[in-house]
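K.L.:
Throughout the sequence shown, residue numbering follows my numbering, covering 27 to 656 in sequence. Don't be surprised by glycine CBs; every beta carbon is placed ideally from N, CA and C.
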Amino acid sequence: MKREMNVLDIAAFVAEAGRLVRGARISNIYHLDKVFLLKLRARGSTFFILVKVGSFITITEKDIAEKTEPSLFCRLLRKHLRGGIVEDLKQPVEDRVLELLVSVRGSKKSLVFEFMRGGNIILVDDTRRVLAAYKYVEYRDHKVKAGAQYSYPPMRGKCPTSPLEEYLEVFSSSEFSTVKTLALLFNLSGELAEEVCKRAGVDKKIKARELSSEEVLKIHTVVNQLFSSVRQGSLSPRIYFKAGGKYSFSPIPMLIYENLTTREYSEFSKLLYEYFKDSVVETLSESKLKRINETKRRLEASIKQVEKAIRENRKKAERIEAIAKTLLSQIHLLSKALAGEEVDLPVSIKISGRKIVVCGIVEATLPTTSGKIVEKIFERAKEYKRKAQVAEERLLELKQRLKELENQRKILIKKTESTLKKPSRKTMWYEQFLWFFTSENFLVIGGKTASQNEVLVRKYLQKGDLFFHADIHGAPVVILKNGEKAGEASIREAAEFAASYSRAWTMGFSSIEVYYVKADQVSKTPPSGEYLSKGAFMVRGKRNYLKVELKIAIGVDKNTLSLIAGPVSAIAPRAHCYVIIVPGRLDKNLITKKLKKFFEESTGQKFDLNNILKMIPGNSSIIRKILEKR
């Protein structure tokens, strides 16, 4: 999986985002671990530059800022940049470097984003002196030190758009393969290097020095065309999916991924946000969870210590109490021992002068009585019991704090995920029913139950609509909205829909007749003396009949990535991918699982089994799976 932007991605982002950020005012800056958020205001709107150090940069309208204590670096950025006006966003060199130029209170500042070597963010003044940095580093060939002059990191090899002469010179002396030469000696990522070879029609594995000058020219031309088109804003952003998950992304179509599932985006920034949002969730969660987990570990260690103390105090209390009871049962012998007589007691008593020690537990000074000694031993047992009780109360307190901490952790994860979650698509009124849009864009709705059939006829069947019903008992009411204006294609599609969701499907029919009438021919008023049950209706006048096949397509809408179902001719133009089914012997639950797997592999999205199951009329056979070619 691609985890960071390459040099072409950064060029594309600058071309797209530059227009938006120029002239914007920086109103605030937030920082949490590796994630930075610059809040900008421009032309009456608020948006954010979202950066994950060393990984990506994008523009979003999502406010994911946590109102936590800012880091020292964040405070320095606020001090120098807050209130400033963005003058420009540029890619100063053909490398993974971005620079935001800001005019603030009469001075010029630059915020430099480095995306190599784990990434860095550096604030410099108009003399290129380092004012602050995410991290201060000292490599052999690159240093970032407070107060020192800043220079960009050295490029890996030559510029991708170097003159042809330099390409010819490098290729003629390179010991590497063509793809490796492009990646290592012309500062392209491995992915971009492969794409260049593919577009140039050159074998990526062949030794670079073995290429003809014509082949090197083709490579040089392709590289320059890619960068030129991207810088001019000619973008066609898309995410590529492999094995059901996100695999890569690009601001342009990639020939090397032509066999992978893709999802296109209108803006590169939206693509970047969608592609990396899980990474942001993980980073934000990890940073805050780290603090919670550290507290949790300390609490768990304290709990272990307290539990140990409870066990030890209880054990001591039990042992001492047992000794006291033994002495109490033989108190007459204890009295004799105190009087200096030789007696056989089951416990250890040591008398030295006026000092007496019983079992190494209690000490007393003679003269004393056996009763006082036993009482003192019982008191010592009570002391350990009290210690155990205090420790138990402490244990309950610690466990409660641990429980609260765990709740905080769960809330934190849920909150962070919901913050970055795409707004859910608004549910339309017709989605409570069976529905689809015809190939002529007319809405068709159908009842799932007798109650819904009742509602459709009473509330939604209006003048100008057409009413459809399969000629079989146990069929849904189907309405083609504004059907009197619809063409033959829409009428046939509505009839196919009515047939497919009727009992005819579960009975294994391949075709059936469906009739349709105008709205004013349908009534809920029965003839005098008769009764209409729920979901039943009267149809008066001439009926128009069509014989149609039972066949539907279930797919994923290419724009909303939501599930859709209906006649093949209506679904195919709207779907990113779809499956055609007919009545068959395969259990509908098994069909559902097959469709779920196909949809998820095709889109990279997750789908609910129940939502797919509701669209399948009954046991079926899959006759075709279609994935739209991009």
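So, under 8 Å CB-CB, residue 410 and residue 343 are touching, yes? Tell me the CB distance rounded to an integer number of Å.
P.N.:
Counting from 1 along the sequence shown, the entry for residue 410 is found at position 384. Counting from 1 along the sequence shown, the entry for residue 343 is found at position 317. Residue 410 to residue 343, Cβ: 4 Å. Contact.
K.L.:
Just the Cα atoms here: how many angstroms apart are residue 532 and residue 457?
P.N.:
Residue mapping note: residue 532 aligns to position 506 of the sequence shown, counting from 1. Residue mapping note: residue 457 aligns to position 431 of the sequence shown, counting from 1. Each residue's Cα considered, the two are about 23 Å apart.
K.L.:
Going by C-alpha distance, which of 309, 278, 58, 427 is nearest residue 328?
P.N.:
Residue mapping note: residue 328 aligns to position 302 of the sequence shown, counting from 1. That would be 427, whose Cα lies nearest to the Cα of residue 328.
K.L.:
Hey, how far is the Cα of residue 85 from the Cα of residue 63?
P.N.:
Here residue 85 is taken as the residue at index 59 of the sequence shown, counted from 1. Here residue 63 is taken as the residue at index 37 of the sequence shown, counted from 1. Their Cα atoms are separated by approximately 10 Å.
K.L.:
Do the CB positions of residue 256 and residue 278 come within less than 8 Å of each other?
P.N.:
Translated into the one-based positions of the sequence shown, residue 256 becomes position 230. Translated into the one-based positions of the sequence shown, residue 278 becomes position 252. Against a cut-off of 8 Å, the Cβ pair of residue 278 and residue 256 comes out as a contact.
K.L.:
So does the stretch 630 to 645 actually touch the stretch 595 to 605, counting three or more Cβ pairs closer than 8 Å?
P.N.:
They do not touch, by the three-pair rule.
K.L.:
Please go through the same chain and pick out, in chain order, the residues whose beta-carbon is closer than 8 Å to the beta-carbon of residue 44, but skip the five residues on each side of it.
P.N.:
Residue 44 sits at position 18 when you count from the first residue of the sequence shown. Within the same chain, residue 44 has close Cβ partners 114, 115, 116.
K.L.:
In the DSSP assignment, find the beta strand (DSSP E) that holds residue 455 and state where it starts and stops.
P.N.:
Within the sequence shown, residue 455 is the residue found at index 429, counting from 1. Taken as a continuous stretch (DSSP letters only), residue 455 belongs to no beta strand (DSSP E), as it is neither H nor E.
K.L.:
So who's on the other strand from residue 275, going by DSSP bridges?
P.N.:
To locate residue 275, count along the sequence shown from 1; it is residue 249. 265.
K.L.:
Expressed to the nearest angstrom, what Euclidean distance is found between the alpha-carbon atoms of residue 582 and residue 465?
P.N.:
The count along the sequence shown starts at 1 and reaches residue 582 at position 556. The count along the sequence shown starts at 1 and reaches residue 465 at position 439. Approximately 16 Å, taken between the alpha carbons.
K.L.:
Do residue 545 and residue 490 have their beta-carbon atoms positioned less than 8 Å apart in this structure?
P.N.:
Position 464 of the sequence shown, counted from the first residue, corresponds to residue 490. Position 519 of the sequence shown, counted from the first residue, corresponds to residue 545. Result yes, Cβ atoms of residue 490 and residue 545 sit closer than 8 Å.
K.L.:
In chain order, what residues of the same chain lie with their CB nearer than 7 Å to the CB of residue 57, ignoring the 5 residues before and after it?
P.N.:
Here residue 57 corresponds to residue number 31 of the sequence shown, with the count starting at 1. Around residue 57: 96, 97, 99, 100.
K.L.:
If you draw a straight line from the C-alpha of residue 33 to the C-alpha of residue 468, how long is it?
P.N.:
Here residue 33 refers to the residue found at position 7 of the sequence shown. Here residue 468 refers to the residue found at position 442 of the sequence shown. Taking the straight line joining both Cα atoms gives about 46 Å.
K.L.:
Suppose the cutoff is 6 Å on Cβ atoms and the five residues either side in sequence are ignored; what does the same chain contact list for residue 390 look like?
P.N.:
Numbered from its first residue, the sequence shown carries residue 390 at position 364. Cβ neighbours of residue 390 beyond the five flanking positions: 382, 399.
K.L.:
Report yes if the CB atom of residue 517 is closer than 8 Å to the CB atom of residue 509, and no otherwise.
P.N.:
Within the sequence shown, residue 517 is the residue found at index 491, counting from 1. Within the sequence shown, residue 509 is the residue found at index 483, counting from 1. Yes. Within cutoff.
K.L.:
Within a Cβ cutoff of 8 Å, which residues of the same chain sit near residue 173, ignoring the five residues on either side of it in sequence?
P.N.:
Working through the sequence shown from its first residue, we reach residue 173 at position 147. Correct list, in chain order: 155, 156.
K.L.:
Could you tell me which uninterrupted beta strand (DSSP E) segments, each at least 3 residues in length, are contained entirely in the stretch 586 to 616, listed from first to last along the chain?
P.N.:
If we require 3 residues or more, the beta strand (DSSP E) runs fully inside the stretch 586 to 616 come out as 589 to 592, 601 to 612.
K.L.:
Taking residue 79 as the reference, which of 40, 48, 124 has the closest Cα?
P.N.:
Your numbering for residue 79 matches position 53 in the sequence shown. Among 40, 48, 124, the Cα nearest to that of residue 79 belongs to 124.
K.L.:
At the level of alpha carbons, what is the spacing between residue 203 and residue 235?
P.N.:
Your numbering for residue 203 matches position 177 in the sequence shown. Your numbering for residue 235 matches position 209 in the sequence shown. If I take the Cα positions, the gap works out to 8 Å.
K.L.:
By how many angstroms is the C-alpha of residue 564 removed from the C-alpha of residue 553?
P.N.:
Residue numbering aside, residue 553 sits at position 527 when the sequence shown is read from its first letter. Residue numbering aside, residue 564 sits at position 538 when the sequence shown is read from its first letter. Near 9 Å, if we compare the C-alpha coordinates of residue 564 and residue 553.
K.L.:
Alpha carbon to alpha carbon, what distance is there between residue 51 and residue 68?
P.N.:
As a first step, residue 68 must be located in the sequence shown, where it is residue number 42. As a first step, residue 51 must be located in the sequence shown, where it is residue number 25. Cα-Cα distance, rounded: 6 Å.
K.L.:
Does DSSP put residue 176 in a helix, a strand or coil?
P.N.:
As a first step, residue 176 is located in the sequence shown; it is residue number 150 there, counting from the start. Correct three-state label for residue 176: coil.
K.L.:
Would you kindly check if the distance between the Cβ of residue 460 and the Cβ of residue 527 is under 8 Å?
P.N.:
Position 501 of the sequence shown, counted from the first residue, corresponds to residue 527. Position 434 of the sequence shown, counted from the first residue, corresponds to residue 460. It is a contact, given that the beta carbons lie within the stated cut-off.
K.L.:
Once DSSP output is grouped into helix, strand and coil, what is the label at residue 535?
P.N.:
For the purposes of this step, residue 535 is identified with residue 509 of the sequence shown, where counting begins at 1. Residue state, collapsed to three classes: coil.
K.L.:
Please report the residue range of the beta strand (DSSP E) in which residue 62 lies.
P.N.:
Against the sequence shown, residue 62 aligns to sequence position 36. First-last of the beta strand (DSSP E) with residue 62: 61 to 68.
K.L.:
What is the rounded straight-line gap between the Cα of residue 603 and the Cα of residue 265?
P.N.:
By 1-based counting over the sequence shown, the position of residue 603 is 577. By 1-based counting over the sequence shown, the position of residue 265 is 239. Rounded to whole angstroms, residue 603 to residue 265 spans 16 Å at the Cα level.
K.L.:
By alpha-carbon positions, which one of 161, 136, 134 ends up nearest to residue 144?
P.N.:
One-based indexing of the sequence shown puts residue 144 at position 118. For residue 144, the nearest C-alpha among the options comes from 161.
K.L.:
Report back the beta-carbon spacing between residue 112 and residue 48 to the nearest angstrom; my notes put them in contact at under 8 Å.
P.N.:
Here the question's residue 112 lines up with position 86 in the sequence shown. Here the question's residue 48 lines up with position 22 in the sequence shown. The pair is a contact, with the Cβ atoms about 6 Å apart (cut-off 8 Å).
K.L.:
Give the C-beta separation of residue 294 and residue 39 to the nearest angstrom, bearing in mind that I take them to be a contact with Cβ-Cβ under 8 Å.
P.N.:
The residue labelled residue 294 in the question sits at position 268 within the sequence shown. The residue labelled residue 39 in the question sits at position 13 within the sequence shown. Contact holds; Cβ gap of about 6 Å.
K.L.:
Which of helix, strand or coil does DSSP assign to residue 637?
P.N.:
Counted from its first residue, the sequence shown places residue 637 at position 611. Helix.
K.L.:
Cutting at 8 Å between CB atoms, please list the residues of its own chain near residue 185, excluding the five before and the five after it.
P.N.:
By one-based count along the sequence shown, residue 185 stands at place 159. 119, 120, 212, 213, listed in sequence order.
K.L.:
Closer than 6 Å by C-beta to residue 287: which residues in its own chain qualify, once you throw out the five before and the five after it? Chain order, please.
P.N.:
Reading the sequence shown from its first residue, position 261 is the one you call residue 287. Excluding positions up to five away in sequence, the list reads 267, 628.
K.L.:
Relative to the alpha-carbon of residue 599, which residue among 181, 608, 362, 463 has its alpha-carbon at the smallest distance?
P.N.:
Position 573 of the sequence shown holds residue 599. If we check each option's Cα against that of residue 599, 463 comes out closest.
K.L.:
Which whole runs of the beta strand (DSSP E) in the stretch 91 to 138 are 3 residues long or more, in chain order?
P.N.:
The stretch 91 to 138 contains these whole beta strand (DSSP E) runs: 111 to 116, 123 to 130.
K.L.:
With a threshold of 7 Å on Cβ separation, who are the neighbours of residue 301 within its own chain once the five nearest residues in sequence on each side are excluded?
P.N.:
As a first step, residue 301 must be located in the sequence shown, where it is residue number 275. 265, 272, 275.
K.L.:
Would you call residue 35 buried or exposed, if buried means 16 or more other Cβ atoms sit within 10 Å of its Cβ?
P.N.:
Within the sequence shown, the letter at position 9 stands for residue 35. With 16 or more other Cβ atoms within 10 Å, it is buried.
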